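Novice: I am attaching a structure below and will ask some questions about it afterwards.
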Amino acid sequence: MTRLADNYDELGETLSMTEIVRLQDTLSKALVRRFEKKLALAFSDVAGSTAYFSKYGDEAGRKLQQRHTDLIGRVLPAASGRIVDTAGDGAFLCFPTLNGALKSLVELQRQISIDNDSRPPEHRLQVRIGVHFGPVLTDGALVSGDAVNFSARVASAAGLSEIRLSVAAYNELSDVALRLRCRKQKAVSLKGIDQPVELLLLDWLDPTIFPSSVRIDDQGEVKLPARDVVRFGRLREQDGEAANDIVLEPKDPAALNRISRWHFELHRKSTGFTLRSVSSSLTDVDGAAVQKGGEAPIRPGSKVKVGGVMTLEFLGDRWASHDATLMPDS
């Protein structure tokens with residue numbers, strides 16, 4: 001094989017067609033052998049950053065982005081993760097193992113929640129996280145390949161404060177506690193991909209503290225959205241937009257006016273949910289009345305009576321146990 005010269009253009013002009021074909025094959029094999037690795041890949045994107053910049057200005061927006069980057073920096077070392085790139089409101093991360101990646105990303109969401117406790121709602125940070133596992137080309141600094149693009153698409157499908165996983169990431173996951181907290185989601189369309197893709201949602205909140213759903217009388221269970229504030233009331237829409245996250249509709253239409261358009265809110269903090277009454281109508285938590293503006297803690301098993309006509313029971317994950325918690329002491 002002709003030795004490589006410093007001038008690649010000159011080399012291309014001196015090799016025969018057979019030598020070029022052989023060299024291409026040799027280089028392709030060397031590229032895969034030396035630089036292809038399977039890594040856990042993640043994108044963490046700040047939700048609503050464009051609107052935040054527009055409303056509060058460049059300085060506030062840049063501070064929000066920096067909080068995001070700084071909090072990521074806290075959680076990466078434990079899993080040997082690193083920031084590959086940052087662009088605008090997002091960060092591209094890679095990890096040597098999927099288990100380590102998810103533990104770090106759960107901790108990231110927890111650190112964000114703690115940081116948000118001391119901030120007004122309009123300045124809280126919320127991120128969407130997408131995780132994939134697959135082959136990439138990397139020299140230890142750059143990371144490239146179709147798997148990178150796919151992980152970004154997974155992140156785009158995540159909701160506020162969610163961690164979404166590809167099926168490939170879930171299949172690589174060996175941590176039993178983490179696997180039990182993954183839930184299959186309806187297949188979604190992703191940009192650049194012909195067929196709908198099935199993803200999984202990781203319930204990262206501690207199941208011993210945070211209820212995951214609510215049972216409304218005998219009407220079945222409703223999943224609680226992963227938001228800092230979850231609104232409950234009888235009003236379904238206002239000005240063409242959803243008015244409440246959980247719409248309360250009693251079976252008896254005559255009892256409808258016993259429930260306010262906006263009845264109460266669940267506020268999520270790092271230590272758990274707090275119910276805040278926003279109605280003068282009856283709101284009773286575990287047998288104690290909560291007046292308008294008053295608050296009460298909500299845990300798995302808490303029962304809330306609304307307007308004297310509906311009972312809501314907040315439920316923990318049926319798989320939850322002390323061993324399954326995803327918080328740091330697990």
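Anchor point for the sequence shown: position 69 equals 69 in this note's numbering, and the numbering is continuous, going up by one each time. In this text, a Cβ means the ideal position worked out from N, Cα and C, and glycines have one as well. Predicted model, so just to flag it, every value in this text is computed and none were measured.
Using a Cβ-Cβ cutoff of less than 7 Å, which residues in the same chain neighbour T325 once the five nearest sequence positions on both sides are dropped?
Specialist: Summary for T325: the model assigns pLDDT 38, below 50, so the residue's position carries little reliability, and this model does not support an answer.
Novice: Considering Cα atoms alone, identify which of D286, F264 and S270 is closest to S277.
Specialist: Comparing Cα positions, the closest option is F264.
Novice: In this structure, how does DSSP classify E36 when only helix, strand and coil are distinguished?
Specialist: Looking at E36 - three-state DSSP - the assignment turns out to be strand.
Novice: So which of L282, G287 and G316 has the shortest CA-CA distance to G308?
Specialist: Among L282, G287 and G316, the Cα nearest to that of G308 is on L282.
Novice: Can you give me the start and stop residues for the alpha helix (DSSP H) that F210 sits inside?
Specialist: No alpha helix (DSSP H) holds F210; DSSP gives it neither H nor E.
Novice: Can you tell me whether G61 is buried or exposed, with buried defined as 16 or more other CB within 10 angstroms of its CB?
Specialist: That one is buried.
Novice: Please report the Cβ distance between R164 and L200, rounded to the nearest whole angstrom; I am assuming they are in contact, meaning their Cβ atoms lie under 8 Å.
Specialist: Indeed, because the Cβ distance is near 7 Å, the residues count as touching under 8 Å.
Novice: So, at 8 Å on beta carbons, what are the nonlocal neighbours of A289 in its own chain, with the 5 sequence-adjacent residues on each side left out?
Specialist: Excluding positions up to five away in sequence, the list reads L282 and T283.
Novice: Just curious, the alpha helix (DSSP H) that A147 is in, first and last residue?
Specialist: Unbroken alpha helix (DSSP H) run through A147: D146 to S156.
Novice: Where are the alpha helix (DSSP H) runs, 4 residues long or more, that stay fully inside the region 24-112, in chain order?
Specialist: With a minimum length of 4 residues, the continuous alpha helix (DSSP H) runs that stay inside the region 24-112 are 49-56 and 58-75.
Novice: Helix, strand or coil for H123, going by three-state DSSP, please let me know.
Specialist: Correct three-state label for H123: helix.
Novice: Which word fits Q331, buried or exposed, when buried means at least 16 other C-beta atoms lie within 10 angstroms of its C-beta?
Specialist: The chain is shown only over 1 to 330; residue 331 falls outside these bounds and no answer can be derived.
Novice: State buried or exposed for N244, treating a residue as buried only when at least 16 other CB atoms are found within 10 Å of its CB.
Specialist: It counts as buried.
Novice: Below 7 Å CB to CB, which residues in the same chain sit around L69 once its five sequence neighbours on both sides are set aside?
Specialist: Residue 69 is actually Thr in this sequence, not Leu. Around T69: T86 and A91.
Novice: Distance check for L15 and D9, CA to CA, integer angstroms please.
Specialist: Taking the straight line joining both Cα atoms gives about 10 Å.
Novice: What does a CB cutoff of less than 6 Å around E313 pick up in its chain, not counting 5 residues either side in sequence?
Specialist: Answer for E313: R215 and K303, listed in chain order.
Novice: Here's the rule I'm using: 16 or more other beta-carbon atoms within 10 Å means buried, otherwise exposed. How should R231 be labelled?
Specialist: Buried: at least 16 other Cβ atoms inside 10 Å.
Novice: Thinking M310 and D218 are a contact (beta carbons under 8 Å), I'd like their distance in whole angstroms, please.
Specialist: With 8 Å as the limit, M310 and D218 do not qualify as a contact, their Cβ atoms being about 11 Å apart.
Novice: Counting only the same chain and skipping the five closest in sequence on each side, list residues whose C-beta sits under 7 Å from that of D139.
Specialist: F35.
Novice: Distance check for A141 and A242, CA to CA, integer angstroms please.
Specialist: Rounded to the nearest angstrom, the two C-alpha atoms are 44 Å apart.
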